[in-house]
Amino acid sequence: MGSVLEVRGVRHRYGATRALDDVDLTVGAGECVALLGPNGAGKTTLVQLVVGLLHAQEGTVRIDGGDPRKAAVRRRLGVVQQSVGFPSTLKVGELVTGAAVRGFFPRSAAGPVLAELGLTDLVRRRATKLSGGQQQRLQLAMALVTEPALLVLDEPTNGLDVAARRRLWQVLTERRARGAGVLVTTHLIEEAAAVADRVVVLDRGRVLAADSPAALTSRLPDRTVIARTALGRDELRRLPGAVSVVADGDLVRLRTREPEELLRALLAADPALSDLRVEGAKLEEAMLGLTEEVAA
């Protein structure tokens with residue numbers, strides 16, 4: 001699988017502030033990569049480099065082998081931002097048709113994309129009169145109409161209801177099957193876990209991890225036992241299989257790699273416990289664990 005995006009050894013500073021420090025990142029054809037990290041991690045700077053709004057002070061950024069600052073290369077790039085201002089006079093159909101023409105595609109390419117995203121009935125409506133969710137779909141239509149090699153999506157499901165989110169990811173799945181790569185930034189970490197082939201965790205300008213969601217969560221104790229109990233924290237820590245204990249009053253969370261053994265011991269020690277449940281490890285916990293290690 002060839003790469004549609006290659007970021008190699010990128011460093012970027014704003015004065016004394018290090019925004020990116022020796023960052024490597026790839027997105028393969030047909031692959032979805034989720035870029036995660038806390039505020040100030042460097043995600044915005046990295047995305048600006050990818051879409052050609054910034055030039056890396058060190059290192060290289062290439063889309064389909066070309067420099068994203070060049071117009072011919074940007075035609076191979078589709079971008080959906082979290083928020084965007086549309087011209088007040090232009091209508092939905094005009095914007096999507098114009099995007100097709102600028103990408104050297106015929107005007108007729110707009111029709112199928114508008115239908116694909118459920119915008120056909122809105123072609124005569126001014127873009128500024130659309131709802132937030134409709135504007136997100138319009139941005140995606142403008143990005144897809146040029147058949148991009150790489151899609152860069154910043155919080156793409158912001159403002160969308162559940163049905164619209166599913167439709168968006170279905171559309172992107174179909175484009176990936178045709179070879180488009182996807183780089184997505186999102187605060188919906190469990191959504192990233194559901195749709196991404198790989199997750200890249202960025203913090204303080206450095207890549208902490210780049211792996212599949214399953215591989216990242218496998219680094220954690222794979223179960224959390226949650227219950228209300230009268231047992232004290234020291235008693236809970238001594239239970240077989242308990243890796244860590246977090247208590248909030250009588251509600252406790254015990255992380256473990258041996259849930260069956262821990263459950264047997266917990267029930268034997270406190271037969272009166274209540275609200276018992278067991279959860280699997282989550283990507284959010286893995287990301288927090290990685291960033292907390294760096295902070296420590």
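When the letters of the sequence shown are read in order and numbered with UniProt numbering, they come out as residues 1 to 296.
Idealized CB from N, CA, C, for every residue including glycine.
Residue pairing for I63: DSSP places it in a beta bridge opposite L5 and G66.
DSSP places E279 in the uninterrupted beta strand (DSSP E) bounded by S274 to G280. By DSSP's assignment, V246 forms a beta bridge with R253. For A19, the enclosing beta strand (DSSP E) covers residues T17 to G28.
A residue is called buried once 16 or more other Cβ atoms fall within 10 Å of its Cβ, and A109 is buried on that count.
When the Cα atoms are used, R204 and V10 turn out to be separated by approximately 14 Å.
Taking a contact to require three or more Cβ pairs closer than 8 Å, the region 148–164 and the region 172–189 qualify as touching.
Contact between the region 135–150 and the region 86–103 is present: three or more C-beta pairs spanning the two stretches fall below 8 Å. Pairwise C-beta distances place the region 262–279 in contact with the region 231–246, as three or more of them are shorter than 8 Å. The region 129–180 contains, as complete alpha helix (DSSP H) runs of 4+ residues, the segments 132–144 and 162–177 (chain order). Annotation: G98 is outside any beta strand (DSSP E); the continuous alpha helix (DSSP H) that includes it extends over V92 to R102. Within the same chain, and ignoring the five residues on either side of E58 in sequence, the residues whose Cβ sits closer than 7 Å to its Cβ are G9, V10 and R11.
Taking every protein chain shown into account, the CB of A192 has 16 or more other CB atoms within 10 angstroms, so this residue is buried. Note on Q139: 16 or more other CB atoms within 10 angstroms of its CB, so buried under the neighbour-count rule. Within 10 angstroms of the beta-carbon of K43 lie 16 or more other beta-carbons, which makes it buried.
For the set L236, A272 and D270, the Cα lying nearest the Cα of R255 is the one of L236. For a cut-off of 8 Å, the C-beta gap from A34 to V199 is around 5 Å, short enough to register as a contact. Residue pairing for H12: DSSP places it in a beta bridge opposite L20.
Residue nearest to V182 within the set K129, R107 and R76 is R76 (criterion: CA-CA distance).
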